[in-house]
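Visitor: Can you read through this structure? Questions will come right after.
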Amino acid sequence: MPEKYFVECDCGKRVRVELYEAGTDKACHSCHRTVPVPDTITLQELSGDKYPLLRPLEKIKRTLELGEAPFDGLCHHCEEADAAIQIPIILSVVVERQMKNDGGIRPTLNGGIKLVVAEAKVYSEETVFPLLLCKPCHTEFEAVQAAASRKRKLGLVALLGLLVVFLVFAYFNAEVVALFSGILWLIGVIAWASRFRDTKKIDSFIEPWLKDIRWVPEALALEDEYTLSIGDSDKFR
Numbered sequence: 007m008p009e010k011y012f013v014e015c016d017c018g019k020r021v022r023v024e025l026y027e028a029g030t031d032k033a034c035h036s037c038h039r040t041v042p043v044p045d046t047i048t049l050q051e052l053s054g055d056k057y058p059l060l061r062p063l064e065k066i067k068r069t070l071e072l073g074e075a076p077f078d079g080l081c082h083h084c085e086e087a088d089a090a091i092q093i094p095i096i097l098s099v100v101v102e103r104q105m106k107n108d109g110g111i112r113p114t115l116n117g118g119i120k121l122v123v124a125e126a127k128v129y130s131e132e133t134v135f136p137l138l139l140c141k142p143c144h145t146e147f148e149a150v151q152a153a154a155s156r157k158r159k160l161g162l163v164a165l166l167g168l169l170v171v172f173l174v175f176a177y178f179n180a181e182v183v184a185l186f187s188g189i190l191w192l193i194g195v196i197a198w199a200s201r202f203r204d205t206k207k208i209d210s211f212i213e214p215w216l217k218d219i220r221w222v223p224e225a226l227a228l229e230d231e232y233t234l235s236i237g238d239s240d241k242f243r
C-alpha cells in the first residue's frame, strides 16, 4: 500500500499531498486556501511512521523485530480480522556483483574463435517477513496460487503440443522446415537473452497480496535487482 500523506487546512479538511511536495504550498480542495506542506520527516511522522529516517526495507525489519504494525497480527489482505496463517516471503536483494569475466568473442590458439560466457560473483542480502492472513483470506490465497500453477502447467503442455505439431510438419515438409527452423532459432535466442534483462524476479500472482503491506511496495520499487519467493504456510503464533 503506497504511503498516503495529509495536512490539515484551517477549514478543518484534510488535504492529500505527495512526499515530493514537502516544503511547498498546496491549495485546499474545499476552501481553496493555501496550505503549507511541512518537510518530509514531519510528513512521515504525521502519517504514523515512527522511523522516517530508515529505508523501507529497514522499516520492515525493525517493525517485524518489535512486533509493530504492519506485523502486529492483523490480516494483511482484508485488514479486518486477526491473522491465523503466516506465509514466509523471502526477498533476496543483490547488493554487489563482481565481474570475473565480461564474456564476448575470444581468439583460440589454433586461429579460430570461441564465445566466452560472462561470469560474475553475486552477493545478496536476504530478508524474510511474513504475509499474515486470516483463514478465509488464506483459502483465497491458496486458490489463486493453485490457479497460477495450473496456468504454468497448461503453458508447458501447449508448448509441447506445438513441438509435436512442428515435428509432424517437419517430417512431411523438410525443405520448408529449414527456413522456419532458422526463424524459430532466432526467436528462441532473443527470448533466451531477454530473460537476463528481467532483474526483478517475482511471481505475478503474489504481487497483489503484497501491495497492502506497509512499506513493501516502496521497498521493492527502490531495489534494482532481487528475487522474491514464498515459503510454506504455517500457523501464526
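Just add 6 to wherever you are in the sequence shown, counting from 1, and you've got the numbering used here. The beta carbon of each residue, even a glycine, is placed where N, CA and C say it ideally should be. Keep in mind the model is a prediction, meaning the values are calculated, not measured.
So V13 and D31 are in contact, right, with Cβ under 8 Å, and what is the actual spacing, rounded?
Guide: With a Cβ gap of about 10 Å, V13 and D31 do not count as contacting.
Visitor: Give the straight-line distance between the Cα atoms of W215 and G73, rounded to the nearest whole angstrom.
Guide: Looking at the two C-alpha atoms, the distance is approximately 20 Å.
Visitor: Taking only beta-carbon atoms, is A75 less than 7 Å away from chain B?
Guide: No chain B is present in this structure, which holds just one protein chain.
Visitor: What number of angstroms, rounded off, separates the C-alpha of L139 from the C-alpha of D240?
Guide: Each residue's alpha carbon lies about 10 Å from the other.
Visitor: Can you say whether L286 is buried or exposed, counting buried as having 16 or more other CB atoms within 10 angstroms of its CB?
Guide: Outside the displayed span of the chain (7 to 243) sits residue 286, for which this structure offers no information.
Visitor: Considering only C-alpha positions, which residue in the set S210, R103 and A75 is nearest to D230?
Guide: Ranking S210, R103 and A75 by Cα distance to D230 puts R103 first.
Visitor: State the DSSP-derived secondary structure class of A33, mapped to helix, strand or coil.
Guide: Of the three classes helix, strand and coil, the one that applies to A33 here is strand, per DSSP.
Visitor: Can you give the beta carbon distance from I66 to S235, rounded, assuming they're within the 8 Å contact cut?
Guide: About 16 Å; that fails the 8 Å criterion.
Visitor: Whose C-beta lies closer than 8 Å to the C-beta of K19 among residues of the same chain, with five residues either side of it excluded?
Guide: Excluding sequence neighbours, K19 sits near C34, H35, S36 and C37.
Visitor: Would you mind reading off the limits of the alpha helix (DSSP H) that contains R20?
Guide: No alpha helix (DSSP H) contains R20, which is instead part of the beta strand (DSSP E) from R20 to V23.
Visitor: Whole angstroms are fine: how far does the CA of D218 sit from the CA of G237?
Guide: Rounded to the nearest angstrom, the two C-alpha atoms are 19 Å apart.
Visitor: Beta-carbon separation of L25 and T40 under 7 Å?
Guide: Cβ distance not < 7 Å, so L25 and T40 don't count as in contact.
Visitor: Here's the rule: buried if 16 or more other CB atoms are within 10 angstroms of the residue's CB, otherwise exposed. What is Y129?
Guide: Flag for Y129 reads exposed.
Visitor: Please state whether DSSP places F178 in a helix, a strand or coil.
Guide: Note: F178 maps to helix in three-state DSSP.
Visitor: So if DSSP puts K207 in a beta bridge, which residue, or which two residues, is it bridged to?
Guide: In DSSP, K207 forms a bridge with T233.
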